[in-house]
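There are 2 protein chains.
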Amino acid sequence: MNSNGDGMAQARETGTLGKLMVLLDLVTHADGPLRFTDILALAGQPRGTLHRHLSHLVEEGLLELDGDGRYAPGLRLLDFAARSWARNEFRLIAEPHLADLQQATGETVHLGVLRGQSIIYLDKVDGRQPVRMYSQIGNASPCYCTGVGKAALSLLPADRLADLLAGLSFTRFTASTHVSAETLLAEIREIAVEGYAFDREEHEAGIRCVAAPVWSEDRTFIGGISITGPAYRLSMELLRQWAVPVQRAAGQIMEGMRIRLGPRR
Amino acid sequence: MNSNGDGMAQARETGTLGKLMVLLDLVTHADGPLRFTDILALAGQPRGTLHRHLSHLVEEGLLELDGDGRYAPGLRLLDFAARSWARNEFRLIAEPHLADLQQATGETVHLGVLRGQSIIYLDKVDGRQPVRMYSQIGNASPCYCTGVGKAALSLLPADRLADLLAGLSFTRFTASTHVSAETLLAEIREIAVEGYAFDREEHEAGIRCVAAPVWSEDRTFIGGISITGPAYRLSMELLRQWAVPVQRAAGQIMEGMRIRLGPRR
DNA sequence: CTCGTTATTCCATTATTTGGAACTTAATTT
DNA sequence: AAATTAAGTTCCAAATAATGGAATAACGAG
């Protein structure tokens with residue numbers, strides 16, 4: 001009955017919630033607060049419907065409406081996120097190993113997981129300056145141009161990987177960004193063999209990283225950890241050396257997951 | 001038809017969204033992952049409805065369903081929150097002044113705003129150990145037992161304050177926690193006169209703070225900043241001295257808001 | 001294998017959402 | 001100041017999506 005094989009991008013099967021989430025997405029991804037008319041143009045929902053939807057979102061604290069009639073992300077989202085983060089077992093288990101890795105290398109260490117087509121960063125340890133956490137934690141980055149992302153992709157079974165690649169649309173961030181599924185797939189196959197991935201200034205010019213895949217046994221978490229830093233300090237040769245400790249830390253995290261989560265299943 | 005005059009607590013006027021948010025609240029506020037039956041008992045929604053609601057929330061990434069059939073907060077919430085936080089103007093303007101205050105006192109500095117009956121912490125600057133941001137940022141704390149909370153309440157017009165107090169239910173966290181609207185109101189009146197508030201170990205034993213109110217001209221942000229630390233180091237006398245720099249920093253933040261946001265209105 | 005528990009699916013009924021249009025309010029121009 | 005245009009809000013009959021009781025399926029312990 002309800003075949004969904006066409007090329008329509010944003011079709012959702014989640015009823016009212018899906019429509020509301022489109023709005024939340026629009027507002028949170030915009031460069032600044034949006035007025036009603038702006039959202040009307042972007043969302044393509046009828047006036048009456050849109051107005052009620054926005055009112056409900058504001059009422060629930062998911063959006064905020066300022067004195068100039070502009071909609072911005074609501075602060076209630078922070079409370080939800082803080083709780084989500086505070087009790088995340090993957091992160092809790094990984095934390096000490098990230099700190100170790102930071103100590104060993106002196107560079108910034110990240111933990112991220114694959115959610116849909118994005119990598120969501122769960123943790124960051126940076127030894128040098130006081131950390132501005134939200135600056136990176138929680139941020140969703142594309143999977144095809146980050147070390148953690150490519151490491152995660154290398155863990156997917158062929159069919160799931162193919163599906164994901166098929167749905168991907170590439171944005172060129174730098175000269176080295178993958179912009180086709182073919183070259184990306186080729187690199188992912190290599191990564192699957194080697195067990196580690198590089199980001200060769202693919203997301204941000206001047207920034208390199210080496211990453212290793214990490215996953216939980218039930219596959220709830222498919223992601224990776226990485227060491228990131230400026231290209232002038234992190235030669236490709238150095239990154240190749242660091243692949244070893246990164247993989248070791250990844251192994252320790254997975255062992256920690258097995259011990260903590262294994263018995264229950 | 002749908003009279004709503006009874007004592008039912010959680011009645012919402014936001015249709016489907018309201019019901020979904022109740023579920024998000026339940027899961028994010030629980031001590032750990034919840035099974036379907038747990039939620040069924042807590043939410044009081046019929047089986048079929050609940051099941052569909054949960055499925056939709058999972059599909060949208062707001063909840064996650066692990067291999068044992070337990071629901072936990074979803075990581076998509078982190079992405080929303082990170083964006084909400086990153087562009088929050090109040091926080092951006094306050095940031096340098098919080099850092100100054102931290103430098104001047106050596107203790108932890110917080111920025112929070114009133115949302116409903118809660119204070120949501122927008123920022124934290126702690127000079128000593130590397131900051132675990134989410135540990136505090138984003139967390140919603142009760143307004144009646146935090147310095148920032150009481151400072152914020154002192155800014156409310158009498159009628160809004162009365163409404164808020166009427167809806168408050170008090171939890172005794174320590175021996176000094178306010179547990180009645182009367183004593184709280186009395187202190188708030190004092191704070192309104194003095195221009196600063198203390199937390200005398202009211203939320204957590206052994207932790208004190210001094211706070212000053214901060215607000216934006218359009219009243220979108222009503223909150224405060226505080227200096228927090230252990231009681232053995234922060235005597236009440238010292239806190240009284242620090243009221244001055246805290247108020248000064250608060251003034252600077254408000255001046256910053258006026259300059260940045262004033263022209264637009 | 002069986003029983004008790006927990007989770008999922010089904011579908012006629014009903015309540016909610018929908019969305020075009022009318023209306024109000026605010027901003028801009030003459 | 002009045003007129004004009006744009007922006008935001010409310011309304012309500014029609015259509016659709018949510019509802020929820022009951023049946024089914026999956027799981028787990030004894």
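Protein chains in written order, with UniProt numbering: chain A, 1 to 265; chain B, 1 to 265.
We put the CB at the ideal spot given by N, CA and C, even for glycine.
Quantities reported herein were computed from a predicted structural model and do not represent experimental measurements.
So, helix, strand or coil for residue i, using DSSP?
{"i": "B/R132", "result": "With a pLDDT of 45 at B/R132, under the threshold of 50, the modelled position of this residue cannot be trusted; read the value that follows with caution. Coil."}
{"i": "A/S235", "result": "coil"}
{"i": "A/A140", "result": "strand"}
{"i": "A/F221", "result": "coil"}
{"i": "A/M8", "result": "The predicted position of A/M8 is uncertain, since its pLDDT is 32 and thus under 50; no value can be drawn from it."}
{"i": "B/R87", "result": "coil"}
{"i": "A/E64", "result": "strand"}
{"i": "A/P33", "result": "coil"}
{"i": "B/V109", "result": "strand"}
{"i": "A/S169", "result": "coil"}
{"i": "A/P46", "result": "coil"}
{"i": "A/G229", "result": "strand"}
{"i": "A/P157", "result": "coil"}
{"i": "B/S216", "result": "coil"}
{"i": "A/R260", "result": "helix"}
{"i": "residue 267 of chain B", "result": "Any question about residue 267 of chain B goes unanswered here, given that chain B covers just 1 to 265."}
{"i": "B/V27", "result": "helix"}
{"i": "B/T16", "result": "helix"}
{"i": "A/A104", "result": "helix"}
Which residues in chain B sit within 9 Å of residue i, going by Cβ to Cβ distance?
{"i": "A/W215", "result": "Result: empty, since nearest Cβ-Cβ is about 13 Å, beyond 9 Å."}
{"i": "A/G15", "result": "T16, R52 and H56"}
{"i": "A/I207", "result": "Simply none; closest approach about 18 Å."}
{"i": "A/L24", "result": "F80"}
Run through chain A and tell me which residues come within less than 7 Å of residue i, C-beta to C-beta.
{"i": "B/M21", "result": "E60"}
{"i": "B/A140", "result": "D79"}
Would you kindly check if the distance between the Cβ of residue j and the Cβ of residue i is under 8 Å?
{"i": "B/G147", "j": "B/A197", "result": "yes"}
{"i": "B/L156", "j": "B/L164", "result": "yes"}
{"i": "B/L77", "j": "A/E60", "result": "no"}
{"i": "B/A192", "j": "B/V246", "result": "no"}
{"i": "A/L75", "j": "B/I120", "result": "yes"}
{"i": "B/H110", "j": "B/S226", "result": "yes"}
{"i": "B/L50", "j": "B/Y71", "result": "no"}
{"i": "B/P73", "j": "B/T28", "result": "yes"}
{"i": "B/E202", "j": "B/T228", "result": "no"}
{"i": "A/G223", "j": "A/V113", "result": "yes"}
{"i": "residue 273 of chain A", "j": "B/D79", "result": "Outside the shown range of chain A (1 to 265) lies residue 273 of chain A, about which nothing can therefore be said."}
Strictly below 8 Å CB to CB, what residues from chain B border residue i?
{"i": "A/H29", "result": "R83"}
{"i": "A/T220", "result": "E64, D66 and G67"}
Report the residue from the options whose alpha carbon sits nearest the alpha carbon of residue i.
{"i": "A/L238", "options": "A/C143, A/E107 and A/R160", "result": "A/E107"}
{"i": "B/V22", "options": "B/D31, B/I39, B/V125 and B/R35", "result": "B/I39"}
{"i": "A/A162", "options": "A/S235, A/L184 and A/T49", "result": "A/L184"}
{"i": "A/R233", "options": "A/L98, A/A250 and A/I207", "result": "A/I207"}
{"i": "B/R260", "options": "B/G32, B/I93 and B/A243", "result": "B/I93"}
{"i": "B/R240", "options": "B/V210, B/G149, B/A104 and B/I222", "result": "B/V210"}
{"i": "B/H56", "options": "B/A43, B/D68, B/L24 and B/L34", "result": "B/L24"}
{"i": "A/A152", "options": "A/A181, A/V214 and A/A81", "result": "A/V214"}
{"i": "A/Y144", "options": "A/E194, A/A250, A/T171 and A/R87", "result": "A/T171"}
{"i": "B/L34", "options": "B/E217, B/L63 and B/R52", "result": "B/L63"}
{"i": "A/S154", "options": "A/P142, A/G195, A/V244 and A/A249", "result": "A/G195"}
{"i": "B/I253", "options": "B/A181, B/S216 and B/E187", "result": "B/S216"}
{"i": "A/D100", "options": "A/E255, A/A249 and A/T220", "result": "A/A249"}
{"i": "A/A43", "options": "A/G149, A/W85, A/L26 and A/D68", "result": "A/L26"}
{"i": "B/G149", "options": "B/A30, B/R258, B/S118 and B/G32", "result": "B/S118"}
Kindly list, in the order they appear in chain B, the residues whose Cβ is closer than 7 Å to that of residue i.
{"i": "A/E204", "result": "Correct list: empty, because the minimum Cβ distance to chain B is about 16 Å."}
{"i": "A/R76", "result": "R115"}
{"i": "A/L93", "result": "Per the sequence shown, the amino acid found at residue 93 of chain A is Ile instead of Leu. Ordered by position in chain B, no residue passes the 7 Å Cβ test against A/I93, which lies about 14 Å from the chain."}
Would you mind telling me which residues of chain A sit closer than 9 Å to residue i, beta carbon to beta carbon, in chain order?
{"i": "B/P157", "result": "Those do not exist, as B/P157 stays about 16 Å from chain A at its closest Cβ, beyond 9 Å."}
{"i": "B/P73", "result": "F80, A81, R83, S84, W85, R87 and N88"}
For a test of your reading of the model: does the CB of residue i fall under 7 Å from any non-hydrogen atom of the ligand ZN? Yes or no.
{"i": "A/A43", "result": "The ligand ZN is not part of the structure shown, which contains no ligands of any sort."}
So which residues of chain A does residue i contact, with C-beta pairs closer than 8 Å?
{"i": "B/I120", "result": "L75, R76, L78 and D79"}
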